Structures are given as C-alpha cells and as structure tokens.
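One structure is given here, and the rest of the page talks about it.
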Amino acid sequence: MFNYILRRILITLPVILGVCTITFLLIHFVPGDPVDIMLGDQASVVDKEALRSELGLNKPILIQYKDFLWQIAHLNLGTSLHAKTSVTATLAERIPATVELTMAAMFFAILFGIPFGIWAAVKQYSVIDNSILVTSLFGISLPGFFLGPMLIWIFAILLPWFPVSERGGIENLILPALSLALPLGAIILRMTRTQMLEEIKQDYIRVARSKGLANFAIYFKHALRNALIPVITIIGLQIGALLTGTVITETIFDWPGIGSLLLQAIQQRDYPVVQACVLLISVTYVLVNLVTDISYAIINPKVRLS
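129 is the number of the first residue of the sequence shown in the numbering used here; add one for each residue after it.
So this is what it looks like as structure tokens:
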C-alpha cells in the first residue's frame with residue numbers, strides 16, 4: 129500500500145509542476161503586451177515601466193520562472209493590481225465560501241443520487257425506473273447558466289421561500305447548492321443504478337437469494353457495498369470538478385467564492401489574481417484526484433495489485 133501511495137504521489141508531482149508552468153506562461157501567452165492590456169493605452173510610459181518592474185516582466189523569462197516557483201513555494205502569490213492587497217490573503221478569505229458551497233452541493237447530490245439510483249435498479253424497466261431515468265437525463269442536460277436563474281425565478285420570486293443574496297445562513301446556501309447538486313446528483317444516480325444492476329446479476333446474489341435472505345439484506349448489505357466502489361470514485365472526481373467549476377453559479381448567486389473572484393479579476397485585468405486562481409483551481413483538482421485514487425485503492429485492493 130505504501131508503495132502504491134508513493135508511486136501516485138511521484139506521478140502527481142510532475143503534473144503539479146506542469147500546472148505551475150502553464151499558469152506562469154498564461155501572462156506571456158496574452159496577445160500583445162500584458163502591461164498595455166492591464167493598464168490600457170492611456171497609461172504613461174512611467175506607469176507601464178513601474179508595473180513591468182513590479183511584475184518582474186523586465187527580467188529574463190527563466191529568472192521570472194524561477195522567481196515564480198520560489199514565490200509559490202513560500203505561498204506568496206503577489207499583490208492584486210486592483211485592490212492592492214495580498215493575493216494569498218484574498219484567496220484565504222474566499223476559499224471557505226467555495227468549500228462550503230461544494231460540500232453542500234455534494235451532500236444534496238448524494239442524498240438524491242444514491243437512494244434514487246438504488247430504487248431505479250430495484251424497479252428495473254418499471255414506470256418508476258423510466259421516470260427516474262428521464263428525470264436524471266433532464267438533470268444532466270440542464271446547464272448551470274439556465275438552472276440557476278430558473279431556481280431563482282421559482283423559489284425566490286414566484287415562491288419567496290429562499291433569499292438570493294450573498295453568503296449568510298443556511299437559507300442563503302440552499303439555492304446555489306441545488307444548482308450545482310442537480311446535475312451531479314443525476315450523474316451519481318445513473319452510475320449507482322448501473323453498478324447495482326451489475327451486482328444484482330452476480331452469482332453471490334443468486335446464492336444469497338437461494339438461502340432465503342430478504343431483499344433488503346441482499347440489496348443493502350451485499351450488492352450496495354460492492355456497487356458503491358466505482359460510485360465513490362465518481363464522487364471524488366466530481367468534488368474536484370465542483371471546486372473548480374463554480375464560476376457560473378457563484379456569479380449568478382453573488383456567492384463570494386473563488387469562482388466569482390476569478391471572473392471579477394478577468395474583468396478587471398488583474399492578472400496576478402487570475403494566475404493565482406487558475407493555479408489554485410488546477411492544483412486542487414490534481415490533489416483531489418490523488419486522494420480519490422488512494423481512497424479507491426484502500427477500498428478495492430485489486431487496484432493496488434494492478
């Protein structure tokens with residue numbers, strides 16, 4: 129097990145280095161002079177040279193790259209050009225909101241996906257099964273930029289049950305969490321149904337039935353335990369996707385997280401913040417995948433052997 133974890137970590141390190149490299153080159157791939165884009169054409173030559181010196185763009189690119197990696201190692205992500213504050217401190221203020229939204233969305237997705245996936249598998253080819261599958265298809269197909277405004281219109285305007293404002297109590301969290309959870313819950317539902325149907329057809333299930341075990345014990349004690357192994361993998365990967373894909377939802381619901389910060393920084397041409405957000409999002413996704421791989425290996429020893 130230790131060798132497997134070590135091997136996965138060693139594979140992940142070059143990926144993180146590659147992410148850092150691409151993030152560093154982000155500012156250099158911008159068409160034209162990055163300083164002109166940040167300050168505009170009306171800025172004076174003195175202001176442009178001052179910003180170029182502040183960002184280190186007047187140094188050779190290899191020196192810039194070395195300084196960039198050194199700053200990352202010391203958690204120094206620079207200074208915001210717009211707010212004139214530490215980018216690291218700004219991210220630290222925004223991360224809890226994104227994590228809170230992600231965990232709430234994952235809770236709702238699991239609460240919806242796994243029970244209804246089991247129900248659909250148990251009632252295969254029935255009206256219940258078909259209804260659940262059609263509903264899940266709609267859930268997967270609805271994009272966030274449509275689902276979010278629809279939830280606001282129904283549950284905040286027509287039925288004023290939930291407020292639509294910045295981060296606050298649980299009532300402020302429900303609508304944005306549901307906006308993220310419904311598509312994810314549909315994915316978990318279909319995966320759970322597929323895996324349950326495969327397990328129900330296995331020989332050990334037929335043996336359990338021949339011994340006279342109740343359906344509840346067969347489905348939940350035997351089949352579900354094995355069916356959830358690939359579902360857990362999907363959940364882990366989707367946590368990374370949620371953490372990195374909340375830009376639209378956070379913007380629609382005015383949620384003060386990393387996604388809305390990234391969009392705001394792009395609009396303000398605040399490239400140090402853009403770099404930091406892209407780096408944080410990418411590294412988070414890689415690390416979540418690493419944890420998912422290790423968790424899967426703990427649950428399923430066959431992965432370690434392969």
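Backbone N, C-alpha and C fix where the C-beta goes; we use that ideal spot for every residue, glycine too.
Note that the structure is a prediction, hence the values are computed from the model and not measured.
Here serine 214 is bridged, per DSSP, to Thr207.
In this structure, the CA atom of isoleucine 360 is about 16 Å from the CA atom of leucine 415. Annotation for isoleucine 242: Ile316, Leu317, Thr320, Leu356 and Val359 place their beta carbon closer than 8 Å to its own, counting only its chain and skipping 5 residues before and after. Membership of glutamine 395 in the alpha helix (DSSP H) is indicated by the continuous run 386-395. Your pair isoleucine 144 and valine 411 checks out as a contact, with CB atoms roughly 6 Å apart and the cut at 8 Å.
Sixteen is the threshold: since fewer than 16 other Cβ atoms of the shown chains lie within 10 Å of the Cβ of tryptophan 198, the residue is exposed.
Within the same chain, Pro304 come within 6 Å of phenylalanine 381 by CB-CB distance, once the 5 residues on both sides are set aside. With a cutoff of 8 Å on beta-carbon distance, threonine 213 and leucine 203 are scored as not near each other. Contact fails between the stretch 268-287 and the stretch 326-343, because fewer than three Cβ pairs, one in each stretch, are under 8 Å apart. Under the DSSP assignment, asparagine 258 falls in the alpha helix (DSSP H) whose first and last residues are 255-269. DSSP, read as helix, strand or coil, puts glutamine 252 in coil.
The three-state reading of DSSP puts asparagine 131 in helix, counting H, G and I together. In the three-state reduction of the DSSP assignment, tryptophan 289 falls in the coil class, being assigned neither a helical nor a strand state.
Glycine 364 and asparagine 417 have their C-alpha atoms spaced approximately 7 Å apart. Bounds of the alpha helix (DSSP H) holding serine 338 are 331-338. In the DSSP assignment, tryptophan 198 falls within the alpha helix (DSSP H) that extends over 189-201. Setting aside the 5 residues that flank it on each side, threonine 377 is surrounded in the same chain by Leu229, Gly272, Gly276, Pro304, Ser307, Leu308, Trp383 and Gly387, each with a C-beta closer than 8 Å to its C-beta; the list follows chain order.
Nearest to alanine 233 by C-alpha distance, out of Val250, Lys194 and Leu310, is Leu310. Shortest Cα-Cα distance from isoleucine 191 to any of Ala351, His210, Asn300 and Phe152 involves Phe152. Only residues of its own chain outside the window of five on either side were considered, and among them Ser208, Val215 and Ala393 have a CB closer than 6 Å to the CB of valine 401, listed in chain order. For phenylalanine 244, same chain residues with a beta-carbon under 7 Å away, outside a window of 5 residues either side, are Ile260 and Leu317 in chain order. With fewer than 16 neighbouring CB atoms inside 10 Å of its own CB, phenylalanine 130 falls in the exposed class. According to the DSSP assignment, asparagine 186 belongs to no alpha helix (DSSP H), since it is labelled neither H nor E. The beta carbon of arginine 337 lies closer than 7 Å to those of Ile346 in the same chain, with the five residues before and after it left out. In the three-state DSSP reduction, isoleucine 155 falls in the coil class, being neither helix nor strand. Cβ atoms of alanine 237 and leucine 312 come within 8 Å of each other, at about 4 Å. DSSP places tryptophan 383 in the coil class of the three-state scheme, outside both helix and strand.
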